[in-house]
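Protein chains in written order, with the numbering used here: chain A, 1 to 331; chain B, 1 to 331.
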């Protein structure tokens, strides 16, 4: 999945002829947990729940329209020149010389915006997977990654791939390098469950990024890369204990946790309830715990939600295994 | 191999009765490459050549003597209170309550001192493996690690484990954490060869450590942990291309390479000759290259040695696969 391979999309020959319109597709793409504690900017994984949905219809008129967005409380732009889904799809169409295509998009947000769960990535990947499937483009899905990153850049101000790549490929994904882009899919223990709690407070991605220190100590960096090497080893070795021991973050969590209500109390509760690990999802405010079973994950989401309710903070919770499929057609 | 397990050595019951003396053993322990480019302070691997040898004899008089050291040009102390081998062995004997044992040690250095090839670690591990074997201690070799680290602390001024751990366990070793000590043995592609060149210039470990920057940029740290995660993935995936792409160091090599004659020219030569990767071994001045075959490794050592000769710098070269056995009894 090196840069040079991704560029091959530009010459992909296996496309359907221009359509007379009418075909439609309904696609789901998963939410993702980026950063993954010690893996700031380079690690992410997809979950089975929540996720966003896109319904895409071929039309007779070249160009893209957005006819409906649900679940966003009116916060996302209907203007196709400003919406990350349509912008990414347009970049893709331009790259394959198919600006003759006419499309209408419905976007159904099934997770809160600004939650730290890769909301924009899920929508963008759903849109790209929809158009790729509609056009019968059999190219490697990896070749959609640069277009998804374009959308991410528009949504978050930086074109990082640690949400879009796991949303696109499913599973655990390492972004080994950005220049050139080098993406590695990692295995994970089958029995790993993920408990997610989204405390309904506002943590804009841009600001969460700005508070991170630009200069750090070498000794902290050594601690961090010992841990990410341990986490990657644990994923390959199916060693959940090693995964848990390695999921510590001495650099980003100490700063970003300040934006999350009662972060350390929630972590203490989760670990006492049997979590393997606990951390911030993406730039927050969502938090997540790995567990060895569904029951423990459910107990953790219930107790943390109750704790937030006591603080008069609303929350959404999700319990899921890791999504290995990435986007899928659901209708 | 967590801290608590290592402590179990203190209560190991499986020891031979006090000896009347006379038994002896001849042990080899391998040289090691620490840091491994992007794995500063946390990664190391052992090679089959070079390595140090210890001949240890039980004596009738409690206490340790050193009767001979060869290959050190008279640089190492014969005083058992000052030699890393005897000091480590004494710590081990104290921990198991066997200060009644009498030992004589011969140390045969088979590699240059101060070469960046884990010379002191190889000697120390050979000594510890010798006494463990002589006493019939069947405890996990992992339990020797803290004693080997004591010797390392004495030799280099810091008790790092990235040389002693691979010398003791063989193979590729990750030091996930120092407090508590958490060591993970990693797999590696069977066909990986290592070319080592030691340019005979003086780079004391302490000074090589002092020139490293204490404060670094977060963005460089992110690059580095993307690379170490990629290297670990490549080791598990038997993906030599990924290993090569990941072995880049933006933090330590730019500084330490200044202490090594013509480092960047040697790197350019090695990569042009077909090396998968090239970097500094430990704190230098030795450099190493990974290759896919013995022939390429030999060609690289020949050409680099010739280049150094042209610069009027002597050198030693070694070509070896990765040592998976650690220390071994050879007589």
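Note that CB positions come from ideal geometry on N, CA and C, so glycine has one too.
key: Residue range of the beta strand (DSSP E) that includes residue 56 (chain A)   = 43–59
request  = Look at residue 139 (chain B) and residue 167 (chain B) and say whether their C-beta atoms are less than 8 Å apart.
outcome  = no
task = Consult DSSP for residue 201 (chain A) and reduce its assignment to one of helix, strand or coil.
result = coil
ask   = Using the beta-carbon count (16 or more within 10 Å), is residue 199 (chain B) buried or exposed?
value = buried
task = Examine chain B for any beta-carbon lying closer than 8 Å to the beta-carbon of residue 212 (chain A), and answer yes or no.
result = yes
inquiry  = Could you check whether the region 23–43 of chain A touches the region 70–89 of chain A, counting it as contact only if at least three pairs of C-beta atoms, one from each stretch, sit closer than 8 Å?
reply    = no
ask   = Which whole-angstrom value is the C-beta distance of residue 242 (chain B) and residue 184 (chain A), which I expect to be below 8 Å?
value = 7 Å
key: Residue range of the alpha helix (DSSP H) that includes residue 234 (chain B)   = 218–237
key: Unbroken alpha helix (DSSP H) run spanning residue 240 (chain B), endpoints   = 240–246
task = Step through the CB atoms of chain A and report whether any lies within less than 8 Å of the CB of residue 7 (chain B).
result = Low confidence applies here, because residue 7 (chain B) scores a pLDDT of 33, under 50, leaving its location unreliable and the question unanswered by this model.
request  = Check whether the Cβ of residue 176 (chain A) lies closer than 8 Å to any Cβ atom in chain B.
outcome  = yes
key: residue 315 (chain B) - containing beta strand (DSSP E), residue span   = 315–321
request  = Quick one: list the residues of chain B neighbouring residue 257 (chain A), beta-carbon separation under 7 Å, in chain order.
outcome  = Per Cβ cutoff of 7 Å: no residues; residue 257 (chain A) is ~17 Å from chain B at best.
query = Per DSSP, what kind of secondary structure is residue 310 (chain A) in: helix, strand or coil?
reply = helix
task = Confirm, please, whether the CB-CB distance from residue 97 (chain B) to residue 59 (chain B) is below 8 Å.
result = no
task = State yes or no: is the beta carbon of residue 227 (chain A) nearer than 8 Å to at least one beta carbon in chain B?
result = yes
request  = Name, going along the chain, the residues of the region 253–287 of chain A whose beta-carbon falls closer than 8 Å to a beta-carbon of chain B.
outcome  = none
ask   = Is the CB of residue 116 (chain A) under 8 Å away from at least one CB in chain B?
value = no
key: Beta-carbon spacing of residue 164 (chain A), residue 127 (chain A) below 8 Å   = no
query = In angstroms, rounded to a whole number, what distance separates the CA positions of residue 161 (chain B) and residue 305 (chain B)?
reply = 30 Å
request  = Identify which residue in B:323, B:300, B:108, B:228 has its Cα closest to the Cα of residue 333 (chain B).
outcome  = Outside the modelled stretch of chain B, which goes from 1 to 331, sits residue 333 (chain B), for which no answer is possible.
Residue 66 (chain B): contacting residues in chain A (beta-carbon distance under 7 Å) = Under the 7 Å cutoff, chain A gives no residues; its nearest Cβ is about 35 Å from residue 66 (chain B).
query = Mind checking whether the beta-carbon of residue 304 (chain A) lies closer than 7 Å to any heavy atom of the ligand ZN?
reply = The ligand ZN is absent from the structure shown, which contains no ligand whatsoever.
query = What are the boundary residues of the beta strand (DSSP E) that residue 106 (chain B) is part of?
reply = 102–108
query = Are the region 180–195 of chain B and the region 61–68 of chain B in contact at 8 Å, needing three or more beta carbon pairs?
reply = no
message = Please list, in chain order, the chain A residues whose beta carbon lies closer than 8 Å to that of residue 215 (chain B).
response = 215, 216, 217, 218
key: Contact check, residue 145 (chain A) vs residue 186 (chain A), beta carbons under 8 Å   = no
ask   = Of all Cβ atoms in chain A, is any one closer than 8 Å to the Cβ of residue 221 (chain B)?
value = yes
ask   = When burial is assigned at 16 or more other CB atoms within 10 Å of the CB, is residue 264 (chain B) buried or exposed?
value = exposed
ask   = Looking only at DSSP bridge pairs, what is residue 178 (chain A) linked to?
value = A:181
task = Ignoring anything shorter than 4 residues or poking outside the region 85–173 of chain B, list the alpha helix (DSSP H) runs there in chain order.
result = 119–134, 145–156, 164–169
query = Does DSSP put residue 300 (chain B) in a helix, a strand or coil?
reply = helix
request  = Counting only the same chain and skipping the five closest in sequence on each side, list residues whose C-beta sits under 7 Å from that of residue 77 (chain A).
outcome  = 83
inquiry  = So residue 234 (chain B) and residue 34 (chain B) are supposed to be a Cβ contact under 8 Å. How far apart are they, rounded?
reply    = Between residue 34 (chain B) and residue 234 (chain B) the Cβ distance is about 18 Å, and since that is not below 8 Å, they are no contact.
ask   = For residue 224 (chain B), which residues in chain A fall below 8 Å Cβ to Cβ?
value = 221, 225
Beta bridge counterpart(s) of residue 251 (chain B) as assigned by DSSP = According to DSSP, which records beta bridges pairwise, residue 251 (chain B) is partnered with nothing at all.
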